[in-house]
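A.B. asks: What follows is a structure written as structure tokens; I'll ask about it next.
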Amino acid sequence: MSKKLCLLFLITLGIICTFVISKNLTSDQTPTKHHTFRQILQAPSDPLDKPFSLPPAKNTTGNIPSVFFTPKAPKPTKLNTTCAKFPDLFDLQFRNDHWQLQKTSTGSLFLFNAYFDRRGGDFVRIITMFTQHPPETQFWCQFWYQNSTKPVIVESEAPFWLFSRKWGADRGQFVHPYLIKCPVKGAPFGVSLVEKPCDNASNVLQIFGKETVVKKNFVVCVKGLNFPFEDKSLRLVEWIELLQILGVEKINFYEFRVHPNTKRLLDYYEDRGLVEVTPISLLENFSNNPPLQSLFLHKKVIERRLQEVIPYNDCLYKHLDEFKFVVLLDTDEVIIPVEETWLQLIQTLEENQPNRSSYMARNVYFLDNNLHQHEWFKDVPQHMHMLQHVIRARNYTKPGHFVKGFHDTRKVEALHNHFPLKCLKGCDHVSINVSLAHLQHYRTGCARGVSSKTCDQMRDDTVMDTRIWNFKQELIRRVDRVSTNLGLL
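Per the working numbering, residue 91 is the first one in the sequence shown, and the count goes up by one each step.
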């Protein structure tokens with residue numbers, strides 16, 4: 091009898107454990123802002139549940155229009171029985187989650203995002219990469235409207251190459267970045283890019299852009315973060331808080347992979363509306379496995395640079411109507427005025443040299459020194475890298491080399507890491523006098539393009555530059571608060 095009771099007890103315990111485990115596994119299946127398109131499509135479904143839908147506010151599938159996730163939303167059909175059919179959600183083709191794919195007779199288009207541009211007319215811009223350079227064909231935009239069953243089809247202007255011949259991309263086989271522009275009428279919810287007007291598309295991009303009455307001042311754009319194994323959260327919180335003190339209202343990070351502590355920090359700022367994190371992946375046949383991805387980004391310089399211009403220009407066009415200036419920075423550099431903040435600096439620059447496309451700050455290195463050229467400053471926490479490193483090279487890098495700047499969103503049309511590639515009425519960017527501001531660049535060594543001899547001279551011939559201490563007390567207070575709240579110290 092006791093054996094039967096024991097067996098019954100074990101069976102009952104097994105059923106309870108199975109129920110608890112399955113409950114835990116399925117309790118977090120509601121799509122959130124961090125779910126990718128693949129995760130959403132793989133979410134388990136129950137025929138007894140209501141139909142799966144993704145509210146537009148949570149649509150972080152990136153470039154897919156929300157109409158695909160809105161139950162009973164009217165959708166277009168096609169131009170006619172043989173031309174330009176509106177694709178079903180599962181007709182869309184993807185590469186590495188974040189790129190929509192359209193094959194043509196001469197190569198493959200990898201489409202990242204689309205945007206409204208109302209400067210000098212009504213246009214939609216598309217950022218894409220293409221496996222051919224230069225393209226041997228024009229492209230067509232199929233615009234899709236909520237109040238129409240048929241698309242409006244418009245030929246694009248000639249694609250603009252987001253690169254330069256002198257940077258070596260004409261050698262070998264590469265995937266090339268392009269900016270494509272189509273005139274538009276009204277406000278379509280999506281656009282498909284195809285080779286011929288009647289092609290059935292395997293892509294539909296949502297179109298970013300919102301008109302704002304009053305623009306904010308500064309958004310900072312940061313290319314793909316890639317440090318999955320190194321915790322840089324303390325360096326990053328100091329950098330983010332300094333930018334906010336300087337007057338930055340938003341930072342748009344692009345993310346490959348980051349350390350869990352860094353991810354927690356980014357989530358903290360994103361929840362407060364101070365940061366936007368955009369996931370991004372390597373394109374084509376390159377692995378996005380973290381160790382291989384890191385190796386690629388370090389070794390494949392031309393391929394990396396070809397893909398880096400995608401987030402820079404995506405950030406420009408997503409914020410075109412929201413901010414006056416776009417600033418492209420890495421997390422080891424910051425533009426520091428001699429006095430006050432970016433707002434006062436821009437006012438001075440616009441008074442002295444008005445209506446320029448960009449104002450560029452010269453680069454100067456604050457190089458690490460293993461011996462540390464001074465004792466730790468006792469009134470500065472040792473983990474605050476920038477406040478502790480106030481020894482810089484006496485000499486700046488060459489004019490025009492490694493510069494970063496403020497790009498006027500009324501004027502710039504395409505951006506490279508260091509300067510504008512194209513402007514609506516010609517680029518007339520100017521250098522900021524170093525008596526007003528410069529770019530402080532915190533590195534272990536100099537960047538590629540600086541000879542070892544020159545770098546050694548910069549390391550040896552130094553001066554103390556404490557302008558960052560203008561913000562010392564406020565920056566320490568802010569970093570301490572955030573680091574303590576998140577348990578980073």
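Just so it is clear, CB atoms sit at the ideal spot from N, CA and C, and this is done for glycine as well.
Taking A537 as the reference, give the member of I217, D422, D260 and L505 with the closest Cα.
C.D. replies: With distances taken between Cα atoms, A537 lies closest to D422.
A.B. asks: If you reduce the DSSP assignment to three classes, tell me which class L578 lands in.
C.D. replies: Note: L578 maps to coil in three-state DSSP.
A.B. asks: So which of L201, D187 and N186 has the shortest CA-CA distance to K193?
C.D. replies: Selected option, being the one with the closest Cα: L201.
A.B. asks: Measuring alpha carbon to alpha carbon, tell me which residue in Q397, D404 and Y359 is nearest L373.
C.D. replies: Checking every option, the nearest Cα to that of L373 belongs to Q397.
A.B. asks: Counting only beta-carbon atoms, is S254 nearer than 7 Å to chain B?
C.D. replies: Of the protein chains in this structure there is only one, and it is not chain B.
A.B. asks: How would you call E345, buried or exposed, if buried means at least 16 neighbouring beta carbons within 10 angstroms?
C.D. replies: Burial call: buried.
A.B. asks: Specify, as a first and last residue, the run of the alpha helix (DSSP H) that Q547 falls within.
C.D. replies: Start and end: S542 to D550.
A.B. asks: Starting from the C-beta of P471, find all residues in its chain whose C-beta is less than 7 Å away, skip the five residues before and the five after it, and write them out in chain order.
C.D. replies: The residues are I566.
A.B. asks: To which residues of the same chain is L131 closer than 6 Å at the C-beta, ignoring the five residues directly before and after it?
C.D. replies: Confidence at L131 is low in this model, with a pLDDT of 44, below 50, so the placement of that residue is unreliable and no value is reported for it.
A.B. asks: Within 10 Å of its beta-carbon, does R446 have 16 or more other beta-carbons around it, so buried, or fewer, so exposed?
C.D. replies: Burial call: buried.
A.B. asks: Could you tell me whether the segment 439 to 459 touches the segment 480 to 495, using the rule of 3 or more Cβ pairs below 8 Å?
C.D. replies: Yes, the segment 439 to 459 is in contact with the segment 480 to 495.
A.B. asks: Just mark K300 as buried or exposed, buried being the case when its beta carbon has 16 or more other beta carbons within 10 Å.
C.D. replies: Looking at its Cβ environment, which holds fewer than 16 other Cβ atoms inside 10 Å, K300 is exposed.
A.B. asks: Taking the alpha-carbon positions, what's the V214 to D458 distance?
C.D. replies: When rounded, the distance between both Cα atoms is 45 Å.
A.B. asks: DSSP on H266, reduced to helix/strand/coil?
C.D. replies: DSSP places H266 in strand when its eight states are reduced to three.
A.B. asks: Taking 8 Å as the threshold, find out whether the segment 323 to 331 comes into contact with the segment 345 to 354 through three or more Cβ pairs.
C.D. replies: Yes, the segment 323 to 331 touches the segment 345 to 354.
A.B. asks: Relative to the alpha-carbon of G314, which residue among K305, R185, Y407 and I370 has its alpha-carbon at the smallest distance?
C.D. replies: Closest option to G314, Cα to Cα, is I370.
A.B. asks: State the Cα-Cα distance for the pair E564 and N186, rounded to the nearest angstrom.
C.D. replies: The alpha-carbon atoms of E564 and N186 are separated by roughly 42 Å.
A.B. asks: For the 8 Å Cβ check, are there 3 or more pairs between the segment 291 to 298 and the segment 386 to 403?
C.D. replies: No: fewer than three Cβ pairs fall under 8 Å.
A.B. asks: Helix, strand or coil, according to DSSP, for L295 in the structure here?
C.D. replies: Strand, per DSSP.
A.B. asks: Should S542 be listed as close to the ligand GDP, given that the test is whether its C-beta is under 6 Å from any heavy atom?
C.D. replies: For the structure depicted, the ligand GDP is absent and the ligand set is empty, with no information on it obtainable.
A.B. asks: Check whether the segment 248 to 258 touches the segment 266 to 277, counting contact only when three or more Cβ pairs, one atom from each stretch, lie closer than 8 Å.
C.D. replies: Yes: the two stretches touch, three or more of their Cβ pairs being nearer than 8 Å.
A.B. asks: Return helix, strand or coil for V391, following the three-state DSSP convention.
C.D. replies: Helix.
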